[in-house]
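Notes for the one structure printed next.
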Amino acid sequence: MFDDTIIAISTPFEFGGIGIVRLSGKNSLRIAKTLFKPKKGSIQPRYVLLGTLFNPGKKEPFEEAFLTYFPSPNSYTKEDVVEISCHGSPVILEEIVRLGIKQGARHAQPGEFTLRAYINGRIDIIQAEAINDLIRASSLKQAKISYKQMSGSLSKKIKTLRDRLIDTLSKIEARLEFPDENLNLPQKTIADSLEKAIETAEQLIKSYDLGKSLSEGLKIAIVGRTNVGKSTLFNTLLEKKRAIVTPYPGTTRDYLSEKIKIKDSTFTLLDMAGHGIPQHPVEKEGIKKSEELARQADGILLLLDSSRPETGDDRFLLKKYGKNRTILIFNKIDLSEKMDVENILSSFPDRTSVKISALKKKNIHDLKETIYSEFVKTKETGDEVILHLRQKLLLEDILDALKSGRESFYKGFPEEIYAEEVRKSIPLISQLTGEIRSDDIIENIFSRFCIGK
Ligand SMILES: Nc1nc2c(ncn2[C@@H]2O[C@H](COP(=O)(O)OP(=O)(O)OP(=O)(O)O)[C@@H](O)[C@H]2O)c(=O)[nH]1
Ligand SMILES: [Mg+2]
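Set out below in structure tokens:
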């Protein structure tokens with residue numbers, strides 16, 4: 020499919036024990052042979068061979084190396100691939116690439132080897148995304164998820180979903196086309212097929228919260244009126260004095276953002292201006308910004324000072340944020356309790372709450388556990404976890420199509436109508452797996468790869 024042969028350093032461009040240069044394309048072996056002389060024997064497919072590297076035309080070797088030849092189609096890209104491994108010296112590695120280019124290869128773009136694997140049909144786009152995720156994983160859990168997806172588990176699930184829908188649709192079509200033939204397609208079969216597909220899509224969409232927390236980190240905003248101890252809690256959770264803390268209300272004006280890790284998940288924690296009557300235009304701006312950030316956050320820690328009676332600002336914030344995705348935190352329990360905590364809790368019976376002292380670092384472990392269990396939705400997640408917004412957005416469109424199909428089905432609309440709605444999901448599924456190619460998506464996905472992968 021591709022005419023040219025590409026070359027790149029596949030290991031990090033740093034000093035290292037070993038470095039690898041990779042070639043892919045129909046001239047890989049010819050080019051490699053101009054630089055490499057075996058010490059003994061000859062190049063055999065998939066066997067590692069020791070030799071020396073030469074600048075063609077010169078007698079003097081400049082490095083000892085191993086060469087491995089993977090003939091098409093049994094290679095990473097499905098093309099002829101040659102790997103030359105030598106010492107991890109940037110100078111040597113660059114020289115191999117330079118000589119390879121002189122012999123007719125072209126320098127590879129980021130992700131171009133994987134792009135070829137995709138275009139040549141060895142992997143789909145979900146697997147390509149998973150390869151990059153695996154390389155960039157920040158935890159072993161994320162790496163394991165990516166490994167599974169790279170091996171095709173998620174793709175298989177999505178293809179099964181599509182095949183089942185196509186099967187049902189074609190049966191409906193057959194019945195429409197040959198109404199006299201009395202084709203056996205019970206209503207229950209159609210309902211089951213739709214319900215199953217909807218369930219799969221919903222489960223995958225739900226898993227994105229966990230995926231996001233594993234890959235990017237969920238955004239958690241610390242909200243509360245001024246002086247309740249937000250910055251103190253921020254510092255305690257970070258285990259460093261990052262934010263300024265003073266006894267004066269209105270200390271924090273702009274917002275601060277830092278990453279913390281709880282178990283296998285990363286969170287982006289936000290400390291910001293407290294809610295209160297602004298004394299200064301800067302404070303006013305700060306409060307406005309806080310509201311915006313809280314709105315965008317995946318979770319909220321609503322902090323209350325239990326050593327003081329509840330104020331109007333506390334009530335305002337409880338009303339605004341006390342509904343969902345919020346943990347109620349009663350701070351300053353090292354002081355005597357002046358707040359009617361029980362009364363507040365009875366007004367928000369389904370909110371999780373924790374009592375802490377941010378200053379004395381009391382119950383911080385419990386708070387971390389609560390943050391994890393409230394915001395990382397491990398329980399609702401099936402065996403597959405999606406890690407990309409691209410995938411989630413497409414799944415949401417697929418779900419919309421299936422749900423309107425289901426609605427029309429249950430309302431007893433004619434078959435043409437609901438079949439048409441369900442059919443809309445098919446090209447979306449093909450976009451998800453990359454069977455329908457889009458230049459924008461290809462550009463977006465592969466530009467995030469390293470060169471040499
Ligand atoms: N006793 C006690 N004092 C605390 C605790 N947490 C915070 N404080 C004190 O409360 C005061 C305000 O703390 P900050 O962390 O600056 O509060 P804040 O909510 O960030 O305040 P603003 O930025 O002004 O909105 C400081 O004097 C802290 O030492 C606590 O758990 N116990
Ligand atoms: Mg503060």
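Numbering (my numbering), first residue to last: 20 to 472.
For every residue, glycine included, the Cβ atom is placed at its ideal position computed from N, Cα and C.
1) Please confirm whether Leu321 and Ile296 have their CB atoms less than 8 angstroms apart.
2) With three or more beta-carbon pairs closer than 8 angstroms as the criterion, would you say the stretch 403–411 touches the stretch 193–202?
3) Rounded to a whole number of angstroms, what is the C-alpha to C-alpha distance between Phe286 and Lys215?
4) When you compare only the Cα positions, how much space is there between Gly107 and Ile39?
5) Does Thr87 come out as helix, strand or coil in the three-state DSSP assignment?
6) Can the beta-carbon of Ser234 be found less than 8 angstroms from the beta-carbon of Asp290?
7) With three or more beta-carbon pairs closer than 8 angstroms as the criterion, would you say the stretch 240–257 touches the stretch 330–347?
8) Could you please give me the residues that DSSP links to Cys105 through a beta bridge?
9) Skipping 5 residues on each side, what residues in its chain have a beta carbon closer than 7 angstroms to that of Lys282?
10) Using a Cβ-based criterion (distance less than 7 angstroms to any ligand heavy atom), does Thr255 qualify as near ligand 2?
11) According to DSSP, Val242 sits in a beta bridge with which residue or residues?
12) Return yes when the C-beta of Pro300 is under 7 angstroms from any heavy atom of ligand 1, and no when it is not.
13) Bridge partners of Leu68, per DSSP?
14) Excluding sequence positions up to five away, which residues of its chain have a Cβ less than 8 angstroms from the Cβ of Ala27?
15) With DSSP as the reference, identify every bridge partner of Gly281, one or two as the case may be.
16) Could you tell me which whole alpha helix (DSSP H) segments of length 4 or greater appear in the stretch 153–240?
17) Do the stretch 91–98 and the stretch 132–143 make contact, defined as three or more Cβ pairs closer than 8 angstroms?
18) What residue from Leu237, Phe468, Val264, Arg442 has the CA that sits closest to Asp182's CA?
19) Compare the beta carbon distance of Lys357 and Ser376 with 8 angstroms and say whether it is the shorter of the two.
20) How do the stretch 355–374 and the stretch 259–266 stand: do at least 3 beta-carbon pairs fall below 8 angstroms, yes or no?
21) Within its chain, find whatever has a CB closer than 7 angstroms to the CB of Leu418; leave out the 5 residues flanking it on each side and keep chain order.
22) What did DSSP end up calling Ala27 once you bin it into helix, strand or coil?
23) Could you tell me which residues DSSP puts in a beta bridge with Asp273?
24) Tell me which residue opens and which closes the beta strand (DSSP E) that Asn463 is part of.
25) Am I right that Glu98 and Phe21 are in contact with their C-beta atoms under 8 angstroms? What's the rounded C-beta distance?
26) Measuring only the C-alpha atoms, how far is Pro64 from Val100?
27) If I follow the unbroken beta strand (DSSP E) through Phe55, where does it start and stop?
28) By DSSP's criteria, Ile346 is part of a beta bridge. Which residues make up the other side?
29) Assuming Ile352 and Thr371 are in contact, meaning their beta carbons sit under 8 angstroms apart, how far apart are those beta carbons, in whole angstroms?
30) Does at least one heavy atom of ligand 2 sit under 7 angstroms from the Cβ of Gly243?
31) Flag Lys351 as yes when its Cβ comes closer than 7 angstroms to any non-hydrogen atom of ligand 1, and as no otherwise.
32) When you compare the CB positions of Ala438 and Glu277, do they come within less than 8 angstroms of one another, or not?
33) Starting from the C-beta of Leu336, find all residues in its chain whose C-beta is less than 8 angstroms away, skip the five residues before and the five after it, and write them out in chain order.
So, from the listed chains and residues:
1) To locate residue 321, count along the sequence shown from 1; it is residue 302. To locate residue 296, count along the sequence shown from 1; it is residue 277. In this structure, Leu321 sits away from Ile296, with a CB-CB distance that is not shorter than 8 angstroms.
2) no
3) Numbered from 1 along the sequence shown, position 267 holds the residue referred to as residue 286. Numbered from 1 along the sequence shown, position 196 holds the residue referred to as residue 215. Approximately 33 angstroms, taken between the alpha carbons.
4) As a position in the sequence shown, residue 107 is number 88, starting the count at 1. As a position in the sequence shown, residue 39 is number 20, starting the count at 1. When rounded, the distance between both Cα atoms is 8 angstroms.
5) Counting from one through the sequence shown, the residue named residue 87 turns up at place 68. The answer is strand: DSSP assigns Thr87 an E or B state.
6) Locating residue 234 in the sequence shown gives position 215, where the first residue counts as 1. Locating residue 290 in the sequence shown gives position 271, where the first residue counts as 1. The answer is no: Cβ separation not under 8 angstroms.
7) yes
8) As a position in the sequence shown, residue 105 is number 86, starting the count at 1. Cys105 pairs with Gly38.
9) Translated into positions along the sequence shown, residue 282 becomes position 263. So the list reads Tyr391, once near-sequence residues are dropped.
10) The residue given as residue 255 occupies position 236 in the sequence shown. False, no ligand heavy atom lies under 7 angstroms from that Cβ.
11) Numbered from 1 along the sequence shown, position 223 holds the residue referred to as residue 242. According to DSSP, which records beta bridges pairwise, Val242 is partnered with Leu321.
12) Against the sequence shown, residue 300 aligns to sequence position 281. No - ligand 1 has no heavy atom lying nearer than 7 angstroms to the Cβ of Pro300.
13) Reading the sequence shown from its first residue, position 49 is the one you call residue 68. DSSP, once it has assigned bridges, lists Leu86 as partnering Leu68.
14) Position 8 of the sequence shown, counted from the start, is the residue given in the question as residue 27. Around Ala27: Val40, Arg41, Val116, His126, Ala127, Glu131, Phe132, Ile470, Gly471.
15) Position 262 of the sequence shown, counting from 1, holds the residue named residue 281. In the sequence as displayed, the identity of residue 281 is Ile instead of Gly. Ser284.
16) 159–169, 172–196, 206–234
17) yes
18) Mapped onto the sequence shown, residue 182 falls at position 163. Here the closest residue by C-alpha is Arg442.
19) Locating residue 357 in the sequence shown gives position 338, counting from the first residue. Locating residue 376 in the sequence shown gives position 357, counting from the first residue. It is not a contact, given that the beta carbons lie outside the stated cut-off.
20) no
21) Along the sequence shown, read from residue 1 onward, the residue named residue 418 stands at position 399. Closer than 7 angstroms at the Cβ level, and outside the excluded window around Leu418, lie Ile217, Ala220, Glu221, Ile224.
22) The count along the sequence shown starts at 1 and reaches residue 27 at position 8. DSSP places Ala27 in strand when its eight states are reduced to three.
23) Start at 1 with the first residue of the sequence shown, and residue 273 comes out as number 254. According to DSSP, Asp273 bridges with nothing at all.
24) For this step, residue 463 is matched to residue 444 along the sequence shown. Unbroken run through Asn463 is the alpha helix (DSSP H), 458–465; no beta strand (DSSP E).
25) Within the sequence shown, residue 98 is the residue found at index 79, counting from 1. Within the sequence shown, residue 21 is the residue found at index 2, counting from 1. About 7 angstroms separates the two Cβ atoms, so the contact holds.
26) In the sequence shown, residue 64 corresponds to position 45, counting from 1. In the sequence shown, residue 100 corresponds to position 81, counting from 1. When rounded, the distance between both Cα atoms is 10 angstroms.
27) Numbered from 1 along the sequence shown, position 36 holds the residue referred to as residue 55. 55–57 is the span of the beta strand (DSSP E), which, as asked, contains Phe55.
28) As a working mapping, residue 346 is identified with position 327 in the sequence shown. Note: Ile346 sits in a beta bridge opposite Leu320, Thr371.
29) Along the sequence shown, read from residue 1 onward, the residue named residue 352 stands at position 333. Along the sequence shown, read from residue 1 onward, the residue named residue 371 stands at position 352. Rounded, the Cβ-Cβ distance is 16 angstroms, inconsistent with contact.
30) If you number the sequence shown from 1, residue 243 lands on position 224. False, no ligand heavy atom lies under 7 angstroms from that Cβ.
31) What you label residue 351 is simply residue 332 of the sequence shown in a count that begins at 1. Answer for Lys351: yes, Cβ within range of ligand 1.
32) Along the sequence shown, one-based indexing puts residue 438 at 419. Along the sequence shown, one-based indexing puts residue 277 at 258. Result no, Cβ atoms of Ala438 and Glu277 do not sit closer than 8 angstroms.
33) Residue mapping note: residue 336 aligns to position 317 of the sequence shown, counting from 1. The residues are Val242, Gly243, Arg244, His294, Leu321.
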